[in-house]
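Numbering (my numbering), first residue to last: 1342 to 1447.
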Amino acid sequence: MRFEFLLASHQGVSCNCSYCVRKAALHHRVPAGNFRLLAGAQQLSSYRFGTMRARHLFCSMCGIHTHCHPRSAPEEVNVNLHCVDALLDAHIELSLHDGRGWTALP
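See the structure below:
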């Protein structure tokens, strides 16, 4: 699977909700227009839960979470920075999101 996106900053968000903790994603949100899937679309599978509005995408071959379309910002894409080889050794400024204590939108 290959994708590209415009990296506006070296910032990542770690969420402590039960789903994000288990998939160990480091999120970086970009406008949907700045994200492009280049190859591997046929290997993508998706997972939805709760309100079924968010789409969490992962590789059906290896199971790694690649990106998602969050319900709170459907016009954006959360890219998993752990999937970007060029950033594996980069310094990423980390912020924390309290997803565990987050109240669902109506």
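All C-beta atoms in this analysis are idealised placements derived from N, C-alpha and C, irrespective of residue type, glycine included.
How big is the Cα-Cα spacing for residue i and residue j?
i: F1399; j: E1434; result: 24 Å
i: A1375; j: F1346; result: Looking at the sequence itself, residue 1375 is Asn, so the reference to Ala does not match. Approximately 5 Å between the Cα atoms of the pair.
i: L1428; j: R1343; result: 14 Å
i: S1413; j: G1391; result: 13 Å
i: C1356; j: H1423; result: 14 Å
i: I1405; j: V1362; result: 13 Å
i: H1432; j: H1351; result: 7 Å
Once DSSP output is grouped into helix, strand and coil, what is the label at residue i?
i: A1380; result: strand
i: C1424; result: helix
i: G1374; result: helix
i: S1413; result: coil
Closest to residue i by C-alpha separation, out of the options, would be which residue?
i: R1377; options: S1413, D1426, H1368 and E1417; result: E1417
i: Y1360; options: C1403, R1396 and D1426; result: R1396
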